[in-house]
Amino acid sequence: MTKRKQGIFWPTDEHGVILNVGDEKYLAPPWDAAVHDIIAAYEQHIPNDTHSIYITGSVARGAAVPKLSDINAFAVLEEAVDPELVMQDWIEKSEKAITRAHPEINGVTMELWPHGSLFVEPEEFSVNAFILKTHSVRLWGPNLAPELPDFTLSPAIANEDILLFYEDDFVEALDEIEMRSSKKNVRFWCRIICKQIIHTAFALVMLDEGKFTRDLPLAAECFLRHYPQHKADIEQALQWADRPSGDAFAVHDYLEHIADWLMPACETWLDRYNPERCYPYGAEDCVEEDGEFDEP
-12 MTKRKQGIFW
-2 PTDEHGVILN
8 VGDEKYLAPP
18 WDAAVHDIIA
28 AYEQHIPNDT
38 HSIYITGSVA
48 RGAAVPKLSD
58 INAFAVLEEA
68 VDPELVMQDW
78 IEKSEKAITR
88 AHPEINGVTM
98 ELWPHGSLFV
108 EPEEFSVNAF
118 ILKTHSVRLW
128 GPNLAPELPD
138 FTLSPAIANE
148 DILLFYEDDF
158 VEALDEIEMR
168 SSKKNVRFWC
178 RIICKQIIHT
188 AFALVMLDEG
198 KFTRDLPLAA
208 ECFLRHYPQH
218 KADIEQALQW
228 ADRPSGDAFA
238 VHDYLEHIAD
248 WLMPACETWL
258 DRYNPERCYP
268 YGAEDCVEED
278 GEFDEP
């Protein structure tokens, strides 16, 4: 049975700055052909709107496993381009076509990122800037990474997974499984939410660990050091993240059980680090009149 690699903690420099683990050397067979097709799709459909193209995720950092890992790509749009006016009807078709053409990958995600989503106020956290700066590889166009700020371990990074899971992701997955219980749809959402469960669990202990990772086995291991009583639930999430269940009742029951302990844990963390539930972390509505961020 194919298994995920255990993974890595992101390295840091002597100042605690998180370094980029993405490297071009990982864009080798069996991933290079699919990467080439991704670039071609962006160039074909929005050549004049695209500033630069990147790969992120497990492929970019050398942790991908054939037939198990997907490829995550994003194009940063030109600064003057209105994202609402950019054609997007081609994206889903391209994702499916590339996935069919390359059986070694488990799927393709192609996103469009507004230029402005990377360059925000200093006190505001941009998850897009963080992803590009710390775990992405430029494929095409000028590299924006040198223009972005450095990142150190902070509540802002953990907040990204915890708040979205607490307020949006969990309910969305549960609703989708309840409304459309076909095995195909249930497997799709089971895989997504189980990954998010593990990322959220790790985010809860990230500051205590003093390290950052996006690799699921390592994230699960870190969480279980602090909460060994949830071993069975986390191991189930690991299993379904790779081989999702199509049983709507089983997945629904599992998620309701997870919610019994994970949602209160998220609430406790948020009450401490983000009591106003600000998103993005450090957003303007979380700034006091004196201009300083209201630290919890």
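Heads up: the sequence shown runs through residues -12 to 283, numbered per this note's numbering.
Glycine residues also receive a C-beta, built at the ideal position from the N, C-alpha and C atoms.
Tell me which residues share the same chain as residue i and place their Cβ nearer than 6 angstroms to its Cβ, disregarding the 5 neighbours each side in the sequence.
| i | result |
| --- | --- |
| CYS177 | TRP227, PRO231, SER232, VAL238 |
| GLU163 | TRP176 |
| ASP156 | GLN183 |
| ASN130 | none |
According to DSSP, is residue i part of a helix, a strand, or is it coil?
| i | result |
| --- | --- |
| HIS38 | strand |
| ILE179 | helix |
| LEU126 | strand |
| PRO283 | Interpretation of PRO283 is limited by its pLDDT of 34, a score under 50 that renders its predicted location unreliable; the figure taken from the coordinates is listed afterwards. Coil. |
| VAL8 | coil |
| VAL274 | Note on VAL274: pLDDT 49, under 50, position unreliable in the model; the coordinate value appears next. Looking at VAL274 - three-state DSSP - the assignment turns out to be strand. |
| THR255 | helix |
| THR200 | coil |
Do residue j and residue i have their beta-carbon atoms positioned less than 7 angstroms apart in this structure?
| i | j | result |
| --- | --- | --- |
| THR121 | ASN7 | yes |
| ASP57 | ASN93 | yes |
| ASP258 | LEU55 | no |
| ILE26 | LEU126 | yes |
| GLN(-7) | LEU249 | no |
| VAL95 | GLU108 | no |
| CYS209 | GLU222 | no |
| ILE180 | ALA160 | yes |
| ALA67 | MET97 | no |
Rounded to whole angstroms, what is the Cα-Cα separation between residue i and residue j?
| i | j | result |
| --- | --- | --- |
| VAL192 | HIS213 | 7 angstroms |
| ILE78 | GLN183 | 23 angstroms |
| ALA235 | LYS170 | 7 angstroms |
| GLU154 | ILE40 | 30 angstroms |
| ARG174 | HIS2 | 42 angstroms |
| HIS89 | PRO101 | 28 angstroms |
| GLU65 | ILE42 | 18 angstroms |
| ALA132 | LEU119 | 6 angstroms |
| ASP247 | GLU134 | 43 angstroms |
| ALA270 | GLU243 | 31 angstroms |
Please list, in chain order, all residues of the same chain as residue i whose beta carbon is under 7 angstroms from its beta carbon, the five residues on each side excluded.
| i | result |
| --- | --- |
| PHE199 | PHE(-4), TRP(-3), ILE5, LEU140, ILE144, MET193 |
| ALA47 | GLY9, TYR13, HIS122, SER123, VAL124 |
| TYR266 | LEU150 |
| PRO283 | Per-residue confidence for PRO283 stands at a pLDDT of 34, beneath the threshold of 50, marking its modelled position as unreliable; the derived number appears in the next sentence. Answer for PRO283: ARG259, TYR260, ASN261, PRO262, listed in chain order. |
Suppose the cutoff is 8 angstroms on Cβ atoms and the five residues either side in sequence are ignored; what does the same chain contact list for residue i look like?
| i | result |
| --- | --- |
| TRP18 | VAL46, ALA51, ILE58, GLU91, ILE92 |
| THR37 | TYR29, GLU30, ALA62, VAL63, LEU64, GLU65, TRP127, GLY128 |
| ALA21 | ILE58, ILE85, ALA88, HIS89, GLU91, ILE92, VAL95 |
task: Quick one: which unbroken beta strand (DSSP E) runs of 3-plus residues sit fully inside the stretch 30 to 108? Chain order, please.
output: Taking 3 residues as the shortest admissible run, the stretch 30 to 108 contains the following complete beta strand (DSSP E) segments, listed from N- to C-terminal end: 37 to 43, 58 to 64, 95 to 100.
field: Complete runs of the alpha helix (DSSP H) confined to the stretch 212 to 241 [at least 4 residues]
entry: Within the stretch 212 to 241, complete alpha helix (DSSP H) segments of at least 4 residues are found at 218 to 229, given in chain order.
- prompt: If you scan the stretch 108 to 165 from start to end, which runs of the beta strand (DSSP E) of 3 or more residues do you find wholly inside it?
  reply: Scanning the stretch 108 to 165 for uninterrupted beta strand (DSSP E) segments of 3 residues or longer gives 123 to 127, listed from N- to C-terminal end.
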